[in-house]
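*Asks:*
Chains as they are written, first to last, in the working numbering: chain A, 505 to 761; chain B, 104 to 577; chain C, 5 to 606.
Laid out in structure tokens, this is it:
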């Protein structure tokens, strides 16, 4: 009797607490931060689509499990139902999930193509080349001549300054091992592979500072390889570039205390 | 098969499983206490004098405190002058050490206002109870103390609350704790560059204990200025495992600098005390205090050795670059190619003992073999701005065989390199890492030195650049 | 055992050599009987003990990991004092990377795979198909002993310069080829030997199942446990060579400085520049493809046998036939088959051509379907059954409940755009721990409780078993469920200090909660350990068929002797004839000749 109760309660707690933690998670901050990029809402939509479907089947199957365990563990003298299966039921629970899964699969394709496919990446020269290394991020902007690789390039460690509301294209490189450029609020992630120059783009709609996270194990310093993406207005961006260019050609006199 | 179980054991088990969860609320372990270690060379030099070792240890503990409670001992003379290095934020003669001028204090304040904007907004809205500081337990504790005294402070509470955040500056203990969490595992408990992670790094983390810092804006092997150390923290050291630490606030960074300076001064004092003992065969209290203040004075004087260029930097025209190249390769003037090689790849014969270029001819001041920088890779540890490279050439790199060429004079008493010549060299060096075919800063692989390719500078980087150098302690 | 051993052998194979050995009445010494044995049962039990010992080792590593995640950079008990006196007894970040690397490696290659395929595969297959032993007993023995060099290599890694492997169990280059850890080389060698061990086993299992079934035991009358082990063995056979090849390539990169995976122009701050004297021109992505080509089927190797065992246990303890036997078989087969074409879902963000992301997405999402079918069939089995809530049944039910969570969470990761957010976060950690720990390990416990009587002739204590279940179930969920939330908040994997990032600072209470649950979880296993060893010597003696099971292993004596069975076996029906109306009892054993009984009584 006790075993039956304990087993039922434990199995029941799974869907109950399982759903409850997800329901209360956003209020506790245990949830995705609000997205500020243009393709972020698409990803969030797909996430929620799957979440609802998954939640439905989670509750359904766990509920049936709990019910069966409780009802059919009652001591009875007679035998179980002698059934080896039900073909119709098999077709039903093969067909419906298959259809739902195909719906999920096909609904993803557009968004994936939009974010990652070469054809959909913004045209033109990248805004910056982003260099990941153990354990730092360096952002290389073309200087006044607009050409990367010349002496007037601006190199900024830690902070990636970009204009708001514009398509930002950058090429991602790694100096040594695999890293990954990831900003949660942008719903953006791309591994940096040494030997490859990978074009990545995003368009951020709100100014602010967003934490840049390395999301691929790159050695002992992986845990602190953070950076910052600072999204500013176009005017502020231009002013910042000018300031960095001036700093580049600084003669050091203003550093005197 | 037993299926019936008495109820009491179940209840007991339930309690046993929940109890740890409940009991763990408020459980906050910490690190075990540490103490500063004497350098290996100290122990070796004082091998037969264990009591002297103890005296030095004790003296240093008295002067500089412990890793948990670091603090400077305030000497009589300092007390008279109102000088206290424990409080760099306050002016000298005001019970501080005057490390910051007004502009810098304003900048610190502005940075604090940015960093604590959430907390300050909550204070404005009078939601005092909601104000918290994560990840900064000392500040959080201090704030709670202020909050607790809100009755007592009365009208002054709002102002005090605001100042808690806006004027935040970490104590040496706070900085020591931040150092412990962020820096110790590479730079070591006593700042000797000998933390456990250091064993797997090349180049090694800095050993602060000689007071020697490589990438500074000072000349004549002076101590670094605060801004130099700040620059290292904010820019990182490109091409090494030292990252940029801009994620910390300016106040926190300055606090770290305070602590690093303490570690450095402690190391220097230790060396000087050992040298003093070896010279006089005796260790006196006067010696200790004199050494202590002498070390402090050296650091205070850093600003006097500041290097910058008072003028407009000339443009990097092709003529300038050509002139720079000529100076680079001229042994009598720049003399750079002797070590850095005609190609700039660090393969000059003078730097090596053997023709295969595997054994370095020089050690750095810490006793490790050192190789000349490969200038072609675009990675300059002290920064790639023209003024940074100017400083490296002008005042050399402290701790390495890189000489200070800027003020050297020839046999005729004239400067070997005048301003134009210096900038020509700087522009030439920077031009070596240009990559007209694409993006610059292509890193250089470490390839066996025996397989190094051609050293003809005219055949500059076609395609991927296979040349580099390895080795310890560059 | 009589000399007149019956060898139910399919036509064409002939009498295995060892049968002739037994006809010679050669009495084996202790070493040959219990250490260097060719008897599949002994080998199975050897795998079991090895797996459980490493389970403890891997679990202790997990405790260290959890300590660091809850209270980073504080004094770590035991480890801190022993290894890190100079830092205030605080571990270093590189030690942490080594911890999670070895935790994963040990759990996958030295615990789950040996327990499922090594222990249960070896023990159950001949017994469940009515064979006297495996087709190649000596190869079987080699399969176990190949684990010994693997164990030696994996442990040696801890003592070499630079420490054990620390590039993740996934060992992505260039981190694994250029970094200073000497242990990585040993890691690769260990993996090669584990692969050898698995291959020996796989060859044996497939041959035995195909060729040595008792008369009347058609493929569609085999217990699902046997099907699952057959499918897992086929997965091993076809996937492992790729991992072995990749490991050798990485070994060559490390030792001989070839350039399979090392691109040109690397600038690395590490102490051994010689390792960078590589030929260069390599592709890090190549390793990822090769590695995951094996490692994805590997995860099915780790789950499919658990599913099979759970199916058997549920049928026995629910006293009802498995609902949809053929769909269950086909779904396991499709999981395996599809499992070969989904490996790219580990690489959506890796920089491979995004078009591949599309194809792998479709196959990965479809692989959820057979798993769903299995869950529905288990539910169908339970419906209308007569459940006996014994310890093995509790664990099997727990398996189903947990597998639902693990399987469903996989769908988020299969959806490629959503995976952009989820990749390398704690949702992945939650997902695989749910399927492998909350899933496979619960099934392993179920299997141990269920087959312990057959293995050792004694019953395990039910009360202790139930207590073990309750704590394990509660704390497992306590540890792993909240990881979904951590991952949704974006917390990345393999981080030594989550709070180094501003955005994760508020997750500390969750991590503390998880860590406390983890300590309790490990501590709770004392009930199992005590029960296991106590029952070995003092457990109530078990009869031949304590659970009234219908499959063939219950026909053998308890414990089975050499050659397994003491009568000639013929199979007349499927393995799940529970609640059959034709007899008074609530089951008809597979090998029971009803017609002969009727004839006899007439």
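Glycine residues also receive a C-beta, built at the ideal position from the N, C-alpha and C atoms.
(1) Would the region 308–324 of chain C count as touching the region 198–213 of chain C if we require 3 or more Cβ pairs under 8 angstroms?
(2) Three-state secondary structure (DSSP) at residue 574 (chain C)?
(3) Looking at the unbroken beta strand (DSSP E) that takes in residue 712 (chain A), where does it start and where does it end?
(4) Identify the contact partners of residue 725 (chain A) in chain C, using a Cβ-Cβ distance below 7 angstroms as the criterion.
(5) Give me the residue from C:537, C:532 and C:485 with the minimum Cα distance to residue 514 (chain C).
(6) Indicate the three-state DSSP secondary structure (helix, strand or coil) for residue 173 (chain C) in the structure shown.
(7) Determine, for residue 674 (chain A), whether the minimum Cβ-Cβ distance to residues of chain B falls below 8 angstroms.
(8) Buried or exposed: where does residue 335 (chain B) fall if 16 or more other Cβ atoms within 10 Å of its Cβ makes it buried?
(9) By DSSP's criteria, residue 757 (chain A) is part of a beta bridge. Which residues make up the other side?
(10) Pairing CB atoms from the region 417–429 of chain C with CB atoms from the region 490–506 of chain C, are three or more of them under 8 angstroms?
(11) So which residues on chain C does residue 762 (chain A) lean against when the C-beta distance must stay under 7 angstroms?
(12) Check this for me: beta carbons of residue 4 (chain C) and residue 236 (chain C), under 8 angstroms apart or not?
(13) Output, in sequence order along the chain, the residues in the region 296–322 of chain B whose CB is closer than 8 angstroms to any CB in chain C.
(14) Just checking: is the beta-carbon of residue 277 (chain C) within a distance shorter than 8 angstroms of some beta-carbon in chain A?
(15) For the alpha helix (DSSP H) containing residue 63 (chain C), name the first residue and the last one.
(16) By the 10 Å Cβ neighbour count, where 16 or more other Cβ atoms means buried, how is residue 559 (chain C) classified, buried or exposed?
(17) Tell me whether the region 508–527 of chain C and the region 67–80 of chain C touch, counting them as touching only if at least three CB pairs, one residue from each stretch, are closer than 8 angstroms.
(18) Going residue by residue through the region 489–533 of chain B, where are the continuous alpha helix (DSSP H) segments of at least 4 residues, counting only ones entirely within it?
(19) Could one say the Cβ of residue 537 (chain B) lies closer than 8 angstroms to chain A's Cβ atoms, at least one of them?
(20) Could you tell me which chain B residues have their CB closer than 7 angstroms to the CB of residue 385 (chain C), listed as they occur along the chain?
(21) Nearest-angstrom Cα distance between residue 119 (chain C) and residue 439 (chain C)?
(22) Of all Cβ atoms in chain B, is any one closer than 8 angstroms to the Cβ of residue 78 (chain C)?
(23) Give me the Cα-Cα distance between residue 159 (chain B) and residue 373 (chain B), rounded to the nearest whole angstrom.
(24) With a threshold of 8 angstroms between beta carbons, is residue 477 (chain C) in contact with chain E?
(25) Under 7 angstroms Cβ-Cβ, which residues of chain B neighbour residue 752 (chain A)?
(26) If you reduce the DSSP assignment to three classes, tell me which class residue 733 (chain A) lands in.
(27) Taking Cβ-Cβ distances shorter than 9 angstroms, what residues in chain B pair up with residue 737 (chain A)?
(28) Could you tell me whether the Cβ of residue 548 (chain B) comes closer than 8 angstroms to any Cβ of chain C?
(29) From this set, C:393, C:287 and C:251, which residue's C-alpha is nearest residue 321 (chain C)'s C-alpha?
(30) Residue 542 (chain C) CB to nearest chain B CB: under 8 angstroms?
(31) Helix, strand or coil, according to DSSP, for residue 177 (chain B) in the structure here?
(32) Going straight from the alpha carbon of residue 290 (chain B) to that of residue 482 (chain C), what length do you get?
(33) Please report whether the beta-carbon of residue 574 (chain A) lies at a distance below 8 angstroms from any beta-carbon of chain B.
(34) Does the Cβ of residue 527 (chain A) have 16 or more other Cβ atoms within 10 Å, making it buried, or fewer, making it exposed?
(35) Is there a Cβ of chain A sitting closer than 8 angstroms to that of residue 411 (chain B), yes or no?
(36) Rounded to the nearest angstrom, how far is the Cβ of residue 698 (chain A) from that of residue 270 (chain C), given a contact under 8 angstroms?
*Replies:* Quick look at the numbers:
(1) no
(2) coil
(3) 712–718
(4) 97
(5) C:485
(6) coil
(7) no
(8) buried
(9) The partner list for residue 757 (chain A) (beta bridge, DSSP) is empty, contrary to what the question assumes.
(10) yes
(11) Beyond the ends of chain A as shown, which are 505 and 761, falls residue 762 (chain A); an answer cannot be given.
(12) Residue 4 (chain C) is absent from the model: chain C starts at 5 and stops at 606.
(13) 298, 299, 300, 302, 303, 304, 305 and 306
(14) Residue placement at residue 277 (chain C) is poorly supported in this model, since its pLDDT is 49, which falls under 50; the coordinates still yield a value, given next. Closer than 8 angstroms: no.
(15) 44–74
(16) buried
(17) yes
(18) 489–498
(19) yes
(20) Within 7 angstroms Cβ-Cβ: nothing; residue 385 (chain C) doesn't reach chain B, min ~21 angstroms.
(21) 15 angstroms
(22) yes
(23) 7 angstroms
(24) Reference to chain E is not applicable here, since the protein chains of this structure are A, B and C.
(25) 488
(26) strand
(27) Residues of chain B passing the Cβ test: none, with the nearest at roughly 17 angstroms.
(28) Note on residue 548 (chain B): pLDDT 34, under 50, position unreliable in the model; the coordinate value appears next. Residue 548 (chain B) counts as touching chain C.
(29) C:393
(30) no
(31) coil
(32) 38 angstroms
(33) no
(34) exposed
(35) yes
(36) 6 angstroms
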